[in-house]
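Residue numbers (the working numbering), protein chains in the order written: chain A, 2 to 197; chain B, 24 to 160. Ideal placement from N, C-alpha and C gives every residue a C-beta, glycine not left out. Okay, structure first, notes after.
Here is the structure:
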């Protein structure tokens, strides 16, 4: 009576490849595939395709030009979940999240030690997540004096106009050269804002 | 960010999220993607939710947990989504947010703010995914 199976996800365009991939495994092999499998396959499709650049390797470089990945998977029957945060040097973030779900009692592994878990336990391969495009994006940002910039508060040098390294402002620091950056340049210009 | 909810033909559900976060973030920053209830949330007894947007803001509101709990209290998917987004933009009017909400019967809706949010779905005997455009609240 219900129009099942069903897959639904954020965004359109290149993201529909993930919708279709997840739906087709549920539709074609329902006896061999779980909803959890479908979500993993769908998200992995977007990771491989890089979708619009906000998923997978080679996108959203940080201040140091590094791409790191976040992923979560959750079972609606058990309410168990597995996740990785700030995963470095491993492309299949949703696959590592699935390992956390399937083979640990934890909910979230982070950073280099999540990478170690992926390599040692899951046999994942470490590789550079940067691409020519992501490095160019980062270099363009640096060439634009690191603008826009997520730093905020009283820091030196002024993150609203200069690249770092940054440090908290101290009373002994000079007040010359507009060194105080109290705002957040991302908040002041929505057109420049990034997002998850 | 991709955030996805799947419903098996047997009624079981799952959700997941994958993201490379915000561009030019401070190294070490983690967004809302891997946070349960923020990036996504699912309870097969009720429904599921996926989210995208300003992760630093959204993770403070657990919008997907909020949306699923809204449905548990009897709200429709659209009412649940609108309420979850409204709670965020009440405190952060400029926030860019988007959530997609589906109940365990496949009824779905989306809500967003700060941009034109879209989502995609495919169900039953549909031959390909269909896109839905969501006006900003």
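query                                                                                                                                                                                         : result
Once the 5 residues before and after residue 78 of chain B are set aside, which same chain residues still bring their CB inside 6 Å of it?                                                    : 54 and 55
Shortest alpha-carbon distance to residue 153 of chain B belongs to which of A/5, A/4 and A/14?                                                                                               : A/14
For chain A, is any of its Cβ atoms less than 7 Å away from the one on residue 88 of chain B?                                                                                                 : no
Contact criterion: CB-CB distance below 7 Å. Does residue 113 of chain B meet it with respect to chain A?                                                                                     : no
Could you give the residue range of the alpha helix (DSSP H) that holds residue 94 of chain B?                                                                                                : 86-95
Taking the alpha-carbon positions, what's the residue 158 of chain B to residue 24 of chain B distance?                                                                                       : 19 Å
Between residue 37 of chain B and residue 137 of chain A, what straight-line distance do the alpha-carbon atoms span, to the nearest angstrom?                                                : 37 Å
Could you tell me if residue 147 of chain B is buried or exposed, where buried requires 16 or more neighbouring beta carbons within 10 angstroms of its beta carbon?                          : exposed
Out of curiosity, what's the CA-to-CA distance linking residue 113 of chain A and residue 75 of chain B?                                                                                      : 25 Å
Check whether chain B comes within 7 Å of residue 104 of chain A, counting only Cβ atoms and requiring the distance to be less than that.                                                     : no
Any Cβ of chain B within less than 7 Å of the Cβ of residue 42 of chain A?                                                                                                                    : no
Count the other C-beta atoms from every protein chain shown that fall within 10 angstroms of the C-beta of residue 32 of chain A, then say buried if there are 16 or more, exposed otherwise. : exposed
Under 7 Å Cβ-Cβ, which residues of chain A neighbour residue 71 of chain B?                                                                                                                   : 77
In angstroms, rounded to a whole number, what distance separates the CA positions of residue 72 of chain A and residue 171 of chain A?                                                        : 38 Å
For the putative contact between residue 74 of chain A and residue 99 of chain A, defined by C-beta atoms under 8 Å, what is the C-beta separation to the nearest angstrom?                   : 5 Å
Take residue 141 of chain B as the anchor and find which of A/5, A/4 and A/10 has the nearest alpha-carbon.                                                                                   : A/10
Report the partner residues of residue 13 of chain B according to the DSSP bridge assignment.                                                                                                 : Residue 13 of chain B is absent from the model: chain B starts at 24 and stops at 160.
In whole angstroms, what is the alpha-carbon distance linking residue 105 of chain A and residue 81 of chain A?                                                                               : 10 Å
Given this structure, state the Cα-to-Cα distance separating residue 61 of chain B from residue 115 of chain A, to the nearest angstrom.                                                      : 20 Å
For residue 139 of chain B, which residues from the same chain have a beta carbon less than 8 Å from its beta carbon, with the 5 sequence-adjacent residues on both sides left out?           : 156, 157, 158 and 159
Just to confirm my understanding: we take residue 34 of chain A, look at its own chain, exclude 5 residues before and 5 after, and list those with CB closer than 7 Å. What are they?         : 26 and 27
Cβ of residue 59 of chain B within 6 Å of any heavy atom in the ligand ZN?                                                                                                                    : Within the structure as shown, the ligand ZN is missing, as the structure has no ligands at all.
Interface residues of chain A around residue 10 of chain B at Cβ under 7 Å?                                                                                                                   : This structure leaves residue 10 of chain B out entirely; chain B is present only between 24 and 160.
Checking 7 Å against the spacing of the C-beta atoms, do residue 90 of chain B and residue 16 of chain A come in under that value?                                                            : no
Quick one: complete alpha helix (DSSP H) runs, 4+ long, within the region 118-150 of chain A?                                                                                                 : 133-144
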